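Notes to accompany the following structure.
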Amino acid sequence: MAKLLQLYLMFSYFRFKEISSTQKFLMEQSFCQTPLICMADSQTAGYGQQGRTWNSPVGGFYCSLRYFLPYKSSLCGGLTQDLALTIVKTLDPEANFLKLKWPNDLFSKGEKVGGILVESLPHKDNCLVIIGIGIDLFNLGEVLGLMTNDNLLNLLAPNLFNCLKNWEIQPYIKDFLSWEKYDLFFNQTVELQNYGDNFLISGIDQKGRLIAKKEEKINFFSNTRIVIQ
Ligand code: BTN
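Here the working numbering is used: the first residue of the sequence shown is 48, the next is one more, and so on.
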């Protein structure tokens, strides 16, 4: 009960059994600086990165948050990674079963089990960020136990809120080094999309850029993907 109250005090909360997309719903709400949260048990038109369909049957976790940041979205680099870190640290502090694949994927036992989508709406010199989180609870039941969507949200929301609150004044990842502990490919040689070459994955920097080495040269990437063989 105390946790629920905490959630309602932090965000204005919209809860649906079914919706087209929690992300689209928050995009369409009129401008306000109050943080908003929207959660649904299923989505009929859920979407992910590059507009790909996000299958959203009952039994998964589908939630979006909307937050006002007092600067332009060009400063938001790294927010996705900071939120991803916040989620895995909350659910698996010892990194026993959750991993991260840069830039925004949650993995468990070698399978993608979740993703984060950060979109932004400019507003004068500020922006609204809309953060969509989808988690495949079917594949995580074994490790998370019988957790309802509402329980999961109550667990995640305070920490996501604190993360966003920090970004209001410090738009970078303070604890970027902890990415290594969760990184699915840390210290492994992988192929990077559009570079057709192999690089040694070496973590992320404070703006969420992928650090990858080639012949001792350190490279920073914002726009690539790790190719899974
Ligand atoms: C990804 O492509 O990996 C990110 C997927 C994000 C899906 C979530 S589910 C809740 C929210 N509503 C949507 O339509 N998309 C996001």
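For every residue, glycine included, the Cβ atom is placed at its ideal position computed from N, Cα and C.
Every value quoted in this text rests on a predicted model; they were computed, and no experiment measured them.
Residue range of the beta strand (DSSP E) that includes residue i
| i | result |
| --- | --- |
| Val165 | Glu158 to His170 |
| Gly250 | Asp244 to Ile251 |
| Glu141 | Run containing Glu141: none; DSSP gives neither H nor E here. |
| Ser269 | Unbroken run through Ser269: none, as it is neither H nor E. |
| Val237 | Thr236 to Leu239 |
Between the CA atoms of residue j and residue i - distance to the nearest angstrom
| i | j | result |
| --- | --- | --- |
| Leu164 | Ile178 | 6 Å |
| Gln90 | Glu262 | 46 Å |
| Gly161 | Arg99 | 14 Å |
| Thr271 | Gly106 | 31 Å |
| Tyr60 | Pro150 | 28 Å |
| Ser77 | Pro117 | 17 Å |
| Ser68 | Lys264 | 43 Å |
| Met48 | Asn201 | Confidence at Met48 is low in this model, with a pLDDT of 44, below 50, so its placement is unreliable and the value that follows should be read with caution. So the alpha carbons of these two residues sit roughly 10 Å apart. |
| Thr127 | Gly192 | 26 Å |
| Ile273 | Gln240 | 6 Å |
| Pro169 | Asp88 | 29 Å |
| Phe154 | Phe115 | 29 Å |
| Asp222 | Glu215 | 16 Å |
Distance cut-off 8 Å: residue i Cβ against heavy atoms of the ligand BTN
| i | result |
| --- | --- |
| Arg99 | yes |
| Asp152 | yes |
| Ala92 | yes |
| Leu164 | yes |
| Gln96 | yes |
| Gln70 | yes |
| Ile180 | yes |
| Tyr109 | yes |
| Ser103 | yes |
Limits of the unbroken alpha helix (DSSP H) element including residue i
| i | result |
| --- | --- |
| Val135 | Leu126 to Leu138 |
| Gly188 | Gly188 to Leu191 |
| Ile216 | Asn196 to Ile216 |
| Lys64 | Segment Ser59 to Ile66 is the beta strand (DSSP E) holding Lys64; no alpha helix (DSSP H) there. |
Coil, strand or helix - residue i by DSSP
| i | result |
| --- | --- |
| Cys79 | coil |
| Ile258 | strand |
| Asp88 | strand |
| Tyr114 | strand |
| Gly181 | strand |
| Glu263 | coil |
| Phe223 | helix |
| Leu122 | helix |
| Met48 | Caution is warranted here: a pLDDT of 44 is assigned to Met48, below 50, making its placement in the model unreliable, and the coordinate value is therefore given only provisionally. If DSSP states are grouped into helix, strand and coil, Met48 belongs with coil. |
| Gly98 | helix |
| Leu231 | coil |
Is the region 185-201 close to the region 124-134, with three or more CB pairs under 8 Å? no
Determine contact between the region 204-223 and the region 133-146, defined as no fewer than three beta-carbon pairs at a distance below 8 Å. yes
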